[in-house]
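Novice: Residue numbers (the numbering used here), protein chains in the order written: chain A, 1 to 251; chain B, 1 to 251. Here it is, the structure, as structure tokens.
Number of protein chains: 2
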Amino acid sequence: MKEKKIKLEQGTINKGIIAVASGKGGVGKSTVTVNLATALAASGYQVGIIDTDVRGFSVPRILGTKEQPKARGEHEIIPPKTHGIKMISMGSFVDENSPIIWRSPLLGGALEQFFKDVNWGELDYLVLDLPPGTGDMPLNIMQKIPHAHLLVVTTPQITATKVAGRIGSMAEKMDLNLLGVVENMAYYQCKECGNRDYIFGEGGGLELAKFMKTELLGSLPLLSEIRRRSDSGSPIVVDEPEAEISKLFMD
Amino acid sequence: MKEKKIKLEQGTINKGIIAVASGKGGVGKSTVTVNLATALAASGYQVGIIDTDVRGFSVPRILGTKEQPKARGEHEIIPPKTHGIKMISMGSFVDENSPIIWRSPLLGGALEQFFKDVNWGELDYLVLDLPPGTGDMPLNIMQKIPHAHLLVVTTPQITATKVAGRIGSMAEKMDLNLLGVVENMAYYQCKECGNRDYIFGEGGGLELAKFMKTELLGSLPLLSEIRRRSDSGSPIVVDEPEAEISKLFMD
Ligand SMILES: Nc1ncnc2c1ncn2[C@@H]1O[C@H](COP(=O)(O)OP(=O)(O)O)[C@@H](O)[C@H]1O
Ligand SMILES: Nc1ncnc2c1ncn2[C@@H]1O[C@H](COP(=O)(O)OP(=O)(O)O)[C@@H](O)[C@H]1O
Ligand SMILES: [Zn+2]
Chain A
1 MKEKKIKLEQ GTINKGIIAV ASGKGGVGKS TVTVNLATAL AASGYQVGII
51 DTDVRGFSVP RILGTKEQPK ARGEHEIIPP KTHGIKMISM GSFVDENSPI
101 IWRSPLLGGA LEQFFKDVNW GELDYLVLDL PPGTGDMPLN IMQKIPHAHL
151 LVVTTPQITA TKVAGRIGSM AEKMDLNLLG VVENMAYYQC KECGNRDYIF
201 GEGGGLELAK FMKTELLGSL PLLSEIRRRS DSGSPIVVDE PEAEISKLFM
251 D
Chain B
1 MKEKKIKLEQ GTINKGIIAV ASGKGGVGKS TVTVNLATAL AASGYQVGII
51 DTDVRGFSVP RILGTKEQPK ARGEHEIIPP KTHGIKMISM GSFVDENSPI
101 IWRSPLLGGA LEQFFKDVNW GELDYLVLDL PPGTGDMPLN IMQKIPHAHL
151 LVVTTPQITA TKVAGRIGSM AEKMDLNLLG VVENMAYYQC KECGNRDYIF
201 GEGGGLELAK FMKTELLGSL PLLSEIRRRS DSGSPIVVDE PEAEISKLFM
251 D
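Here's what the structure looks like:
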């Protein structure tokens, strides 16, 4: 990853911004965002997350963040820190029961505020969880972070990869640097007898990476442990760094 | 199901309209829509489907429909028939590459046209695949079909059921009749050793049905056969009516 230092109003990002996108909802984009961030933090980096997924602010739940951000003055927001990661979610500023239609116009202004008013301090990486899909929302956000690296999460089905491919061509138009593709729910491995079943098909991740002229960074299995930890707010990388799945996130 | 005969411009619906909704994308709503319709057709009923899911018109692919609707005059559209099911998709009137934002305003007018200008003939059931979520789109459609029965598809995770619960309260406000809940991807059963793994958790479907004061109609397993058949356009109920999964749809 080409490193580029970015100076913020209240802090710096020493290595870069990683924006995590997906073609459809429900492919595990937020799960990958949080586990990637915790893997980076476990390797000793200073990491921040911004949750801009207006369809469902699930980053705070998956990361296990209970505190709200605190305001020190009019233009200084202190982000809560969980498992060594500073995190700000649109969800702390928007009512989760408000219709989605109201949430997206707020997003543009809120994002600028998160870069200016949040006291991020010294960060190595800032990870952004983008809204799902290829509509105007993720596009508007990508335009505000021209220097970001893009990570695309997909599941193996043809339809998930076709839609995610549109993200790739969007990124090309805007000259964002494509980091690679993560294929999630790639297969299921039985705990009892070790049999592997490619439930959602095989090879979709690799096909998408080739189509987008980038690399397949890894394939994650469908694992009840991942879902259980997401629901309880303790990402798998934190508790079991040795587990096979954590290694995949660490690479 | 309370039966109600509905007179259309070009046909009648003898038993009723079933609208299939879901709180989030990717839970298998379109897959359940098509398999429910094919199960009804296999039991000898005359069935039609309208695909209004503007986020991705996947009903034609899952049903295996290759033909386009034909126009006989300005106000007579003949729907293509596949596996004995007449089907009209918004996808045949809207370019799949157009941004989603443009698709929803068209939906209202198109739906009225589908009821007036399509020559449905004698139908027992009309099944509608709604757009996912609890935003304005599915709401606007539900308002146009006040006499419909609502089927809610969810996966077992807490978040999927929480969002789907919002659909239930929407339906109550609009006096739609709740048919029940279908829990999809409820568990994975290993083909080799029979071990069951509740990957996405247990009991979410039942909890949602209780919350919405309705019934859990069935729990479908995560099965690669279902995905493979959806990708190849031959719904499982058509080829293997005896399979356990088909029986679940038939009930
Ligand atoms: N590899 C995996 N194995 C098992 N469950 C997963 C996996 N990845 C994601 N999940 C579960 O799938 C659901 C959707 O994941 P989420 O990250 O919220 O998706 P998205 O952000 O793409 O909408 C969550 O319940 C999550 O716990
Ligand atoms: N019970 C199931 N087992 C295996 N795959 C499934 C099952 N239900 C749906 N799928 C697959 O999951 C993906 C999402 O299903 P789809 O019906 O398109 O969801 P939605 O309409 O809710 O967005 C598709 O690739 C489909 O083939
Ligand atoms: Zn097994």
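Glycine included, C-beta positions come from ideal geometry on N, C-alpha and C. All values derive from a computational prediction rather than experimental measurement.
1) Which chain B residues are close to Leu222/A, counting only those with a beta carbon under 7 Å from its beta carbon?
2) First and last residue of the alpha helix (DSSP H) that includes Glu172/B?
3) Counting only the same chain and skipping the five closest in sequence on each side, list residues whose C-beta sits under 6 Å from that of Ala71/B.
4) Do Ile85/A and Ala37/A count as a contact pair if the criterion is CB distance below 7 Å?
5) Applying the 10 Å Cβ sphere with the 16-neighbour rule, what's the burial state of Gly205/B?
6) Hey, does Asn35/A have any beta-carbon neighbour from chain B nearer than 7 Å?
7) If the cut is a Cβ gap below 9 Å, which residues of chain A does Ser58/B touch?
8) Quick one: residues with CB closer than 5 Å to any heavy atom of ligand 3, in chain order, please.
9) So the candidates are Val59/B, Lys144/B and Gly165/B; which of them puts its Cα closest to the Cα of Met174/B?
10) Within 7 Å of any Cβ in chain B, is that where the Cβ of Arg316/A sits?
11) Which residue's Cα is closest to the Cα of Tyr198/B: Glu9/B, Ser219/B and Met212/B?
12) Hey, could you find the ends of the beta strand (DSSP E) Gly180/B is sitting in?
13) With three or more beta-carbon pairs closer than 8 Å as the criterion, would you say the segment 18–29 of chain B touches the segment 163–174 of chain B?
14) In its own chain, which residues sit with a C-beta less than 6 Å from the C-beta of Ile6/A, not counting the 5 before and 5 after it?
15) Round the Cβ separation of Val118/B and Val153/B to the nearest angstrom and send it over; I've been treating them as touching at under 8 Å.
16) Pull the bridge partners of Leu126/B from the DSSP assignment, please.
17) For Arg55/A, which residues in the same chain have their Cβ closer than 8 Å to its Cβ, ignoring the five residues on either side in sequence?
18) Using a Cβ-Cβ cutoff of less than 6 Å, which residues in the same chain neighbour Lys116/B once the five nearest sequence positions on both sides are dropped?
19) Below 9 Å between beta carbons is the criterion; list the residues of the segment 18–34 of chain B that meet it against any residue of chain A, in chain order.
20) Assuming Thr31/B is part of the alpha helix (DSSP H), what are its boundary residues?
21) Got a sec? Which residues, its chain only, sit under 8 Å from Lys81/B by beta carbon, not counting five neighbours each side?
22) Going by DSSP, what residue range makes up the beta strand (DSSP E) through Lys7/A?
23) What are the residues that DSSP puts in a beta bridge with Arg196/A?
Specialist: Judging by the given coordinates:
1) Taking the first residue of the first sequence as position 1, residue 222/A is located at position 222. Per Cβ cutoff of 7 Å: Ile199.
2) Residue 172/B sits at position 172 when you count from the first residue of the second sequence. Unbroken alpha helix (DSSP H) run through Glu172/B: Ile158 to Lys173.
3) Sequence index remark: in the second sequence, residue 71/B carries index 71 (1-based). Same-chain partners within the cutoff: Ile77.
4) Locating residue 37/A in the first sequence gives position 37, where the first residue counts as 1. Locating residue 85/A in the first sequence gives position 85, where the first residue counts as 1. Cβ distance < 7 Å, so Ala37/A and Ile85/A count as in contact.
5) To locate residue 205/B, count along the second sequence from 1; it is residue 205. When all chains shown are included, Gly205/B counts as buried.
6) Taking the first sequence and counting its residues from 1, the one referred to as residue 35/A is at position 35. Chain B, which has no Cβ nearer than 7 Å to the Cβ of Asn35/A, makes this no.
7) Translated into the one-based positions of the second sequence, residue 58/B becomes position 58. The answer, in chain order, is Thr159.
8) Those residues are Cys190/A, Glu192/A, Cys193/A, Asn195/A, Cys190/B, Glu192/B, Cys193/B and Asn195/B, given in chain order.
9) As a working mapping, residue 174/B is identified with position 174 in the second sequence. Nearest option by C-alpha distance: Lys144/B.
10) Outside the displayed span of chain A (1 to 251) sits residue 316/A, for which this structure offers no information.
11) Residue mapping note: residue 198/B aligns to position 198 of the second sequence, counting from 1. Checking every option, the nearest Cα to that of Tyr198/B belongs to Ser219/B.
12) Against the second sequence, residue 180/B aligns to sequence position 180. Here the beta strand (DSSP E) through Gly180/B covers Asn177 to Glu183.
13) They touch, by the three-pair rule.
14) Taking the first residue of the first sequence as position 1, residue 6/A is located at position 6. Once the five neighbours on either side are set aside, the close Cβ partners of Ile6/A are Ile13.
15) Position 118 of the second sequence, counting from 1, holds the residue named residue 118/B. Position 153 of the second sequence, counting from 1, holds the residue named residue 153/B. Rounded, the Cβ-Cβ distance is 25 Å, inconsistent with contact.
16) Within the second sequence, the letter at position 126 stands for residue 126/B. Residue pairing by DSSP places Leu126/B opposite Ile17/B and Gly48/B in a beta bridge.
17) By one-based count along the first sequence, residue 55/A stands at place 55. Within the same chain, Arg55/A has close Cβ partners Gly25, Ile100, Pro131 and Pro132.
18) Counting from one through the second sequence, the residue named residue 116/B turns up at place 116. Hits under 6 Å: Glu9.
19) Lys24, Gly25, Gly26 and Val27
20) As a working mapping, residue 31/B is identified with position 31 in the second sequence. Counting along the chain, the alpha helix (DSSP H) containing Thr31/B begins and ends at Lys29 to Ala42.
21) Walking along the second sequence from the start, residue 81/B turns up at place 81. Closer than 8 Å at the Cβ level, and outside the excluded window around Lys81/B, lie Met87.
22) Along the first sequence, one-based indexing puts residue 7/A at 7. First-last of the beta strand (DSSP E) with Lys7/A: Ile6 to Leu8.
23) Looking up residue 196/A in the first sequence gives position 196. According to DSSP, which records beta bridges pairwise, Arg196/A is partnered with Gln189/A.
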